Amino acid sequence: MTLSLASVLAESALRRPEHPAVVAGTRKITYRELWDEARRYAAALGARGIGPGDKVALLLPSTPHFPSAYFGVLALGAIAVPVHALLRADEIAYVLKDSGAAALVCAAPLLAEGGRAAETTGTPVLTVMAEEGGAEGEFAHAPGLDALAARTAPIGRQVARAPEDIAVILYTSGTTGRPKGALLTHLNVVMNVDTTMLSPFDFTADDVLLGCLPLFHTFGQICGMNTCFRAGATLVLMPRFDGPGALDLMVRERCTVFMRVPTMYTALLEAARADPRRPALDRAFSGGAALPVAVLDAFRETFGCPVLEGYGLTETSPVVAYNQKAWPLRPGTVGRPIWGVEVEIARAEVEDRIELLPAGETGEIVIRGHNVMAGYLNRPEATAEAIVDGWFRSGDLGVKDDEGYLSVVDRKKDVVLRGGYNVYPREVEDVLARHPAIAQAAVVGLPHPVHGEEVCAVVRP
C-alpha cells in the first residue's frame, strides 16, 4: 500500500490544471504550474543528493516558494521540516541538528540567521528569493534552488511512500523545555486533510481562502494550504497580516473562507470600523487559542458569517475537534471531535495510565485516532510519557458535556492554586474580555505569602 502527502497537490493538478492554486500579489499560479514547479524543485534537490527519507529544512516565508519547496521535498520522498521564520540562529541550529537535516532551503532575506545556523551545523544551504537580497558573505554564492529548478526538467512522477512513512516533522513551541520534533506520517496528514476538508471546513473547488497564517505553522500549513489544495480551491497568500490590508485583499479576491487566530479577528474588526466594504465570506474558523465569545459575536454581526471555533495540536496533525455544521454551534466550546478521532477526559494527576472521567468533570484532554503522531523524534521517553495506553495526553485541561461538546479550560501547567482552590486563567480572561473597556487580558499566578499564589490580570484597554 502506498500513500503520499504530495498527492494533495498532484491530484488537483490533474483534475483542475488551469484553476488558480495560489494568488500572490498580481501573480496567479495554476495547479498545473505549481505542480510542475514542485517537481522541478524535486529534480534539483535530487541532483544535490537528496533522496527518499532525507530531511530537508525549510526556512521560508509565506510566498509561492513555500509550496513549491514543500511539495518538491514530498514528491522526492523526502521529509519536510518547516522552520519558524522568526527563530534566531541558535534556535534554527538546534532544529537542523536535532532533525538531522540533509539540507536547508532558506529564503535569502532570512540568511542572516539561517546561514549562521547552517554554518554552525555544517548543513548545506540552498537559497530562494535571491532577488530580494539578504545573501551576504559566503552565502552570497549559495546555490539558488529556484534558479536551479528553472533549468531542470521536472521529475516524472512522485516517489511512492508507505502510509506509515514520515512526511513532515513539525517542532513544538517548546513551552516545557527544548522544542520536540513531532513525527507526522503521510497517513496522519492526509487523513486530517481529507476529514477536515469535508467537515468542519466544508471546502469546495470554488472556495477562495485568505492565507495569512504562516505556512511554517501547522494551522496555516495543514488546515490552510493542504486542505485548500486537496479541494482544488484557491489560496490567496498574505505574507504579513494587518487588518486593513486583509480586509482589502479579501474584498478584491472575493475570499469565501477566513482562517485566523483570535488576535487577527480583533484586528479585522478594528479595520471594519473604518472600511464599510465587506468580503463575500461564507464561514470563518478560529484556532490556536481561545476566541472570546464577545469577539465571536461581533465578527458574526459585522461580516454576516458564522465563526467556528476548534481545537488541535501539533502532535495531532493538527485538528482534534471543531464546531461543525452537522451539529448546532456552541460558542465558547471547541465543538465535537472530527470523524475518526476519539476525545475523552482523563484524570490529570494519574500519569502512568489513562483513567477516564464522566461527562461534566474537568481533567486532561486525551486523544486517540488517525491524527496522533508517530512520536517525538529522538525522544523515546517523551513519546512514552505523551502516548499512554494508546491515548495522546494533550497537557490541556478540559471538560465534555453530555452531548460530546468539548471545552478547553486551560493548560495543565497554567492552573493557579490560590488558597487550595484551582483557578483557571482562561476562565478569568473570558470574563474580563466581556468588559467593553478591555481589548485583551492575560491572567497569571504570582507568589503570595498567605495564599501560595495570587491571581494577577494584565489588561490592554
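Heads up: the sequence shown begins at 624 in our numbering, then just goes up one per residue. Where a beta carbon is used, it is the ideal one built from N, C-alpha and C, also for glycine. Note that this is a predicted model, so its numbers are computed, not measured.
Range of the contiguous alpha helix (DSSP H) that encloses PHE694: PHE694 -> alpha helix (DSSP H) spans 688–698.
Endpoints, beta strand (DSSP E) assigned at GLU967: Looking at the DSSP string, the run of the beta strand (DSSP E) that includes GLU967 is 964–969.
Cross-strand partners of ILE792 (DSSP beta bridge): For ILE792, which the question treats as bridged, DSSP gives the partners LEU806.
Sequence-distant residues of its chain with Cβ nearer than 6 Å to LEU775 (five each side left out): Residue 775 is actually Thr in this sequence, not Leu. Excluding sequence neighbours, THR775 sits near ARG663, ALA666, ALA667.
Beta-carbon proximity list for ARG900, same chain, < 6 Å, skipping 5 on both sides: Leaving aside the five residues that flank ARG900 on each side, the residues in its chain whose CB is nearer than 6 Å to its CB run, in chain order, VAL874.
Close beta carbons around CYS928, own chain, < 7 Å, minus the five adjacent residues each side: These residues qualify, in order along the chain: LEU904, ASP905, ARG906, ALA907.
Buried/exposed call for PRO1003, threshold 16 Cβ in 10 Å: That one is exposed.
Nearest residue (CA-CA) to ALA731, options THR653, HIS764, THR743, GLU714: Measuring from the Cα of ALA731, the nearest candidate turns out to be HIS764.
Sheet register partners of CYS1079 (DSSP bridge): Beta-bridge pairing links CYS1079 to VAL1067.
Beta-bridge partners of LYS678, as assigned by DSSP: Per DSSP, ILE702.
Span separating the alpha-carbon of HIS988 from that of PHE922: In the sequence as presented, His is not what sits at residue 988; that position holds Ile. Those two C-alpha atoms are separated by around 28 Å.
Sub-8 Å separation of ALA1062 and PRO1084 beta-carbons: Yes. Within cutoff.
SER909 - DSSP class collapsed to helix/strand/coil: Three-state DSSP puts SER909 in a strand.
Reference LYS698; option with closest CA among SER685, LEU709, GLY674: Just to set this straight, residue 698 is Ala in the shown sequence, not Lys. Nearest option by C-alpha distance: GLY674.
Beta-carbon separation (whole angstroms), ARG959 vs GLY1027, contact threshold 8 Å: In this structure, ARG959 and GLY1027 form a Cβ contact; the two beta carbons are roughly 5 Å apart against a cut-off of 8 Å.
Anticipated Cβ contact below 8 Å, THR841 with THR819, distance rounded: The Cβ separation is near 12 Å, so there is no contact.
Cα-Cα separation, VAL696 to LYS1036: For VAL696 and LYS1036, the distance between alpha carbons rounds to 37 Å.
Beta strand (DSSP E) runs wholly inside the stretch 813–856, at least 3 long, in chain order: With a minimum length of 3 residues, the continuous beta strand (DSSP E) runs that stay inside the stretch 813–856 are 831–834.
Within 8 Å, strictly: CB atoms of ILE792 and SER722: ILE792 is a Cβ neighbour of SER722, given a cutoff of 8 Å.
8 Å Cβ cutoff met for CYS844 and SER627: The sequence given here places Gln at residue 844; Cys does not occur at that position. Cβ distance not < 8 Å, so GLN844 and SER627 don't count as in contact.
ALA913 classed as buried or exposed, judged by whether at least 16 other C-beta atoms fall within 10 angstroms: Counting Cβ neighbours within 10 Å, ALA913 comes out buried, since at least 16 surround it.
Check whether VAL631 and PHE881 have beta carbons under 8 Å apart: It is not a contact, given that the beta carbons lie outside the stated cut-off.
Three or more C-beta pairs below 8 Å linking the stretch 675–683 and the stretch 885–893: At 8 Å Cβ cutoff, the stretches do not touch.
Beta-bridge partners of LEU749, as assigned by DSSP: According to DSSP, which records beta bridges pairwise, LEU749 is partnered with VAL728.
Residues of its chain near PRO705, where Cβ-Cβ distance is below 6 Å and the 5 sequence neighbours each way are ignored: Counting only Cβ-Cβ distances below 6 Å, and skipping sequence neighbours, we find LEU681, PHE839.
Own chain, CB closer than 7 Å to LYS651, minus 5 neighbours either side, in chain order: Contacts found: PRO643.
Complete runs of the alpha helix (DSSP H) confined to the stretch 876–929 [at least 4 residues]: For the stretch 876–929, whole alpha helix (DSSP H) runs of length 4 or above, ordered along the chain, are 885–897, 916–926.
Nearest to ARG970 (by Cα), restricted to the options ALA949, THR925, ASP1019: With distances taken between Cα atoms, ARG970 lies closest to ASP1019.
Cα-Cα separation between ILE990 and VAL645, rounded to whole angstroms: Distance between the alpha carbons of ILE990 and VAL645: 34 Å.
Exposure of VAL751, with buried meaning 16 or more beta-carbon neighbours within 10 Å: Around the beta carbon of VAL751, a 10 Å sphere encloses 16 or more other beta carbons of the protein chains shown; the residue is thus reported as buried.
Sheet register partners of ARG663 (DSSP bridge): Answer by DSSP bridge pairing: none, since ARG663 is not bridged.
Within 8 Å, strictly: CB atoms of VAL1032 and VAL1039: VAL1032 places its beta carbon 8 Å or farther from that of VAL1039.
Residues bridged to GLY998 (per DSSP): Per the DSSP secondary-structure output, GLY998 pairs in a beta bridge with LEU806.
Residues that DSSP places opposite SER1030 in a beta bridge: VAL1022, per the DSSP bridge assignment.
Nearest-angstrom beta carbon gap, PRO690 and CYS846 [assumed within contact, 8 Å]: Contact annotation, CYS846 with PRO690: C-beta distance approximately 14 Å; criterion of less than 8 Å not satisfied.
Range of the contiguous alpha helix (DSSP H) that encloses ARG739: Element bounds for ARG739: 734–744.
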